[in-house]
Each structure stands twice: as structure tokens, then as C-alpha cells.
């Protein structure tokens with residue numbers, strides 16, 4: 020299935036039903052008076068979250084959505100029926116924006132969460148409403164209102180607890196493969212991952228958490244180059260970032276530039292992302308050490324220099340080999356700890372705002 024995370028569609032809520040102008044005529048009631056009923060309301064356009072969806076693909080092919088009109092008013096003061104709402108299901112994490120004004124209409128955040136996007140029109144008034152002692156035979160009606168019409172941009176921002184970030188070929192897809200049941204495509208060339216992958220991780224006694232392996236980026240991604248915003252938009256909602264750095268590169272400059280390049284693009288896109296909990300993880304140690312290498316074996320000059328570089332910056336780090344399953348338990352221990360801390364901080368902030 021193709022992953023689509025942006026779509027532009029047009030929606031039209033239902034028009035109200037017309038009111039009726041009618042006079043009651045029965046055998047023994049020749050002057051029964053007006054009895055035209057009011058029209059019913061038009062149907063609304065509503066978006067609803069669904070955990071069963073992971074893409075906006077359907078909206079790329081079906082771009083126009085209309086709700087039904089309200090029912091016509093009837094005789095004997097019968098109210099026209101209200102039209103049913105049109106429910107459009109979208110993946111959780113979808114942001115709805117008015118394309119013309121740029122106004123954010125709402126965000127669909129969880130299963131069953133509904134956001135009203137276009138309101139149906141009110142029904143027209145029948146002539147029975149205008150009867151009075153001075154006007155016992157009114158013919159006046161009030162026309163129904165039209166349903167709201169809108170052009171809406173749908174933008175999916177995946178909701179995950181942990182985002183794995185890094186330059187192309189840093190080992191993100193391999194890592195999510197070994198720590199979860201996700202099965203992304205893995206190969207040794209840039210941009211193997213063209214769409215985000217989600218995986219659920221269960222570690223020891225901790226609550227399961229969702230990890231997103233998001234596409235790699237290149238310099239200029241914050242301005243839309245390469246995969247650009249297709250990558251960065253999916254980082255915004257993560258609580259913790261795992262910053263993978265390929266430690267098998269031959270030069271210190273190569274490792275450093277990959278590391279700093281990611282931080283630069285995060286800063287340019289949204290500086291607040293740098294204040295989010297972030298774990299620096301040096302990957303691909305299997306390409307540096309042999310399987311039978313003893314603990315304490317010297318690293319390459321490039322990696323040793325990069326470690327010193329991190330120390331001078333005051334940055335901590337972890338080291339892993341996804342291929343050999345080394346260091347993963349320690350990494351997940353740290354992720355669980357940081358997630359617990361962020362949850363505690365969030366609960367404290369919520370309590371303070373009461």
C-alpha cells in the first residue's frame with residue numbers, strides 16, 4: 020500500500036430542506052389554516068479517527084465529498100427529516116486545515132475522535148409558522164440555508180512515542196526491525212526508507228511503546244530538499260528521539276558532519292525539537308569489531324575522535340550493533356526510563372495548570 024500523508028479535498032455539507040407553504044383542506048374544515056411544516060437540517064461533514072488506517076491514499080483519488088440535504092417540510096406541520104452526517108474516516112494524527120484561510124480546523128487524535136469540518140444548513144420555515152390573528156392565511160416561507168462548503172488540506176503527522184532519526188544509511192530500518200515486529204525495506208543505498216515505518220516495542224515489564232523509523236534527511240531538508248518536510252513533520256509528535264550516528268565511517272569528519280547535520284535541520288525546522296529528550300546512539304559497531312573481538316578492543320581512529328568530540332560537548336551516548344543484537348537491551352532500558360520521566364513531567368505540568 021502506498022503511503023500518502025498529505026491530501027487536498029473539497030467538502031460540501033448538506034443544504035437545509037425547504038419549508039412548505041400549504042393550507043389544510045378537509046371535508047369539514049374548509050378553512051383549516053396553514054399547515055406547511057419546516058424543512059430539516061442538512062447533514063454535516065465530520066472526520067473521525069481510525070486506528071485501522073495509516074495513510075490518506077483514499078483521499079488522493081476521491082477528492083469531493085458531499086453530505087445529503089435535509090428533508091422537505093410536509094403537510095400537517097410535519098418537520099422535514101434531518102439528513103445523516105457524512106463521516107469521513109482518517110488515520111489518527113491527521114490535522115485538518117482550511118486551504119483558503121490557513122486556519123487549523125482541528126486535529127483527529129485518537130480512535131473515534133470526531134472533528135466537525137462543515138456544518139449543514141438549517142431547514143427553511145414553512146408557512147404555518149407565520150399564522151397570526153391578523154394574518155390567518157400566510158403564504159410566506161423562509162428559504163433554507165446552504166450547507167458550508169470548504170476546501171480542506173489533510174496532513175498526517177504520525178503519533179509515536181519514539182522517533183528514530185539519522186542520516187540515510189545510519190541503520191534506522193535495521194534497528195526498528197530487530198526491536199519490533201515492523202518489516203521495513205532494508206538495503207545499502209540512500210533513501211531506502213521513503214515512508215515512515217511504525218513498530219510496537221515490548222521491553223521487560225514496561226508498557227509497550229510505539230517507535231517510528233522516519234526517512235533520512237539531507238542538508239536543506241528544513242527547506243524541503245530531499246525528503247524534506249516529508250521526514251520532519253513526523254518528528255514533531257514524538258516524545259523521545261533516538262539519534263543514530265553511523266560509527267563505521269572512515270573519517271571523523273564524516274561521522275561528525277552526519278551528526279551535526281541532523282541537529283542543524285531540526286533547529287532550522289523547529290528549534291523546540293532540540294529541547295526534546297534525545298539519545299545519541301552510535302550504530303553499526305559490527306562493521307568495526309569482529310564477532311570474536313574482546314571487550315575493550317580499540318575503536319577506529321575516526322570513532323575514537325568522535326567519542327572525544329561528544330565528551331567535549333557534554334553529550335552522553337550509547338553504542339549498538341543491530342545486526343549482532345548488541346547494546347539493544349541497554350538502549351531500550353534508557354528509552355523506557357526517559358519515557359517514564361517525560362510522562363511524569365507531563366502529568367506534573369497538567370496538575371500545575373489546574
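In my numbering, the protein residues as written are 20 to 373.
By construction, the Cβ of each residue, glycine as well, lies at the ideal position given by its N, Cα and C atoms.
In the DSSP assignment, find the unbroken beta strand (DSSP E) run with residue i in it and report its ends.
i           : result
residue 330 : Residue 330 -> not in any beta strand (DSSP E); alpha helix (DSSP H) instead, spanning 320-332.
residue 125 : 123-127
residue 218 : 216-220
residue 228 : 228-232
residue 291 : Segment: none, residue 291 is in no beta strand (DSSP E) and carries neither H nor E.
residue 270 : Where residue 270 is concerned, there is no enclosing beta strand (DSSP E), given that its DSSP letter is neither H nor E.
residue 37  : Where residue 37 is concerned, there is no enclosing beta strand (DSSP E), given that its DSSP letter is neither H nor E.
residue 175 : 168-175
residue 67  : 64-69
residue 110 : 105-110
residue 184 : 181-184
residue 91  : Here residue 91 belongs to no beta strand (DSSP E), and DSSP marks it neither H nor E.
residue 113 : 113-117
residue 134 : 133-137
Give me the DSSP bridge partner(s) of residue i.
i           : result
residue 84  : 30
residue 279 : Note: residue 279 sits in no beta bridge, so no partner.
residue 144 : 161
residue 338 : 301
residue 357 : Bridge partners of residue 357: none, in fact.
residue 25  : 174
Cβ of residue i within 8 angstroms of Cβ of residue j?
i           : j           : result
residue 142 : residue 99  : yes
residue 134 : residue 66  : yes
residue 110 : residue 69  : yes
residue 89  : residue 33  : yes
residue 52  : residue 45  : no
residue 298 : residue 191 : no
residue 221 : residue 227 : yes
residue 12  : residue 36  : Examination of residue 12 is not possible in this model, given that the chain is present from 20 through 373 alone.
residue 179 : residue 230 : yes
residue 97  : residue 58  : no
residue 29  : residue 101 : no
residue 86  : residue 61  : yes
residue 354 : residue 181 : yes
residue 258 : residue 176 : no
residue 217 : residue 25  : no
residue 349 : residue 358 : no
Where does the unbroken alpha helix (DSSP H) through residue i begin, and where does it stop?
i           : result
residue 265 : Element bounds for residue 265: not the alpha helix (DSSP H) but the beta strand (DSSP E), 259-265.
residue 303 : Residue 303 -> no alpha helix (DSSP H), and no H or E assigned at all.
residue 191 : 191-198
Please name the residue in the options whose C-alpha comes closest to that of residue i.
i           : options            : result
residue 408 : 113, 281, 304, 35  : Residue 408 is absent from the model: the chain starts at 20 and stops at 373.
residue 171 : 153, 151, 84       : 84
residue 320 : 268, 97, 120, 222  : 268
residue 27  : 63, 80, 281, 252   : 80
residue 324 : 58, 270, 127, 91   : 270
residue 335 : 307, 261, 359, 362 : 261
residue 232 : 223, 253, 224      : 253
residue 95  : 40, 105, 290       : 40
residue 194 : 359, 347, 24, 307  : 347
residue 139 : 154, 123, 290, 106 : 106
residue 169 : 290, 360, 332, 64  : 64
Can we count residue i as close to the ligand SAM, meaning its CB is less than 7 angstroms from some heavy atom?
i           : result
residue 111 : Of ligands this structure carries none, so the ligand SAM is not represented either.
Using a Cβ-Cβ distance under 8 angstroms, would residue i count as near chain B?
i           : result
residue 348 : Among the chains in the structure shown there is no chain B, since it carries only a single protein chain.
Could you say if the region 274-284 and the region 180-197 meet the contact criterion of at least three C-beta pairs nearer than 8 angstroms?
-> yes
Do the region 145-158 and the region 65-85 meet, that is, are 3 or more Cβ pairs less than 8 angstroms apart?
-> no
Any contact of the region 295-307 with the region 337-353, i.e. 3+ C-beta pairs under 8 angstroms?
-> yes
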